Amino acid sequence: MAAKPKITLFVDTVSPFAYVAYHILRNDPLFRNVEVEYVPIFLGGLMHKCGNTAPIKIKNKDKWINTERLHWSSHFSIPMISPGLPPDFPAPSLPIMRCLASLSSPSQLTSALDVLFKKHWADGIATHQPEILKQTLVKLFGDSEAEKILEKSKAEGKETLIKNTDRAFDEGAFGLPWFTATNAKGEKEGFWGVDHLGQLVQFLGLEGELGTARRGGIRGGGRCCD
């Protein structure tokens with residue numbers, strides 16, 4: 001019997017493209033029969049480990065990357081702040097990611113990511129601010145659990161985040177979004193960027209179209225773009 005296809009998506013809430021990828025995997029029916037694992041990492045740590053340069057520090061790419069963010073969010077009907085950027089961009093996401101790495105279950109993680117991604121990238125809220133982060137956690141999990149998460153983030157969450165970031169690097173990541181996909185044959189391959197979602201779908205052998213919630217679609221056997 002063939003194994004169930006699996007995707008591991010590494011995320012950091014500072015990345016608009018990680019948000020786009022996350023939103024697609026969470027909402028597109030094409031992935032309903034795929035096992036999806038979300039792994040919080042620290043993008044700054046990954047970039048440093050790779051010796052990579054942030055796109056906003058590269059002339060011309062800093063302007064192009066913002067246009068690209070809006071193109072993809074429009075293409076997949078994803079709520080996105082426009083035309084400006086969230087407060088303090090790129091905001092320091094380390095406290096957020098340590099809290100996310102401290103969560104005890106996948107369901108807690110997706111609940112938190114759903115809210116934190118939307119607050120930051122759709123509503124333009126400074127989720128990295130300590131009081132806003134705490135309020136968000138309290139609303140999600142209650143006062144007692146929020147306090148436990150914040151306390152846990154100082155040591156255990158910090159260590160888990162380092163391990164997660166190292167794992168992303170070891171699996172080939174040099175930026176976000178990074179997908180590690182395993183198909184029904186047990187073959188494993190890494191994919192970078194929203195524009196390679198079509199290749200990922202093809203690798204997994206998924207039947208159907210990406211983006212069925214909008215007009216048209218992208219065939220599973222093709223690429224998102226060239």
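Note that my numbering numbers the sequence shown so that position 70 is 70, with each residue one more than the last.
Yeah, the Cβ is synthetic: ideal placement off N, Cα and C, and Gly gets one too.
Keep in mind that this is a model prediction, so the values were computed, not measured.
Report, in whole angstroms, the separation of the C-beta atoms of I81 and A122, which I expect to be a contact under 8 Å.
-> 6 Å
Would you call the segment 75-89 and the segment 12-26 in contact, with 3 or more CB pairs under 8 Å?
-> yes
Are the Cβ atoms of S153 and S105 separated by less than 7 Å?
-> no
Does the segment 93-100 come close enough to the segment 148-162 to have 3 or more Cβ pairs within less than 8 Å?
-> yes
Closest to P92 by CA distance: which of W64, I41, F76 is it?
-> Ranked by Cα distance from P92, the first of W64, I41, F76 is I41.
Measure the alpha-carbon distance for T160 versus V115 and round it to whole angstroms.
-> 21 Å
Cβ distance (whole Å) where L176 is taken to contact F10 below 8 Å = Yes, they are in contact, since the Cβ atoms of L176 and F10 sit about 6 Å apart, within 8 Å.
DSSP three-state call for V14: helix, strand or coil?
-> coil
From I7 to T182, what does the alpha carbon distance come to, in whole angstroms?
-> 6 Å
Have a look at W64 and V138 and give me their C-alpha separation to the nearest angstrom.
-> Those two C-alpha atoms are separated by around 37 Å.
Could you tell me how far apart the beta carbons of G186 and H75 are, in whole angstroms, since I believe they sit closer than 8 Å?
-> About 32 Å separates the two Cβ atoms, so there is no contact after all.
Can you round the beta-carbon distance between L30 and V201 to whole angstroms, since I take them to be within the 8 Å contact cut?
-> 7 Å
Secondary structure of F179, DSSP reduced to three states | strand
With DSSP collapsed to three states, give me the class of K152.
-> helix
Residue environment, S73, which counts as buried when at least 16 other CB atoms sit within 10 Å = Result: buried.
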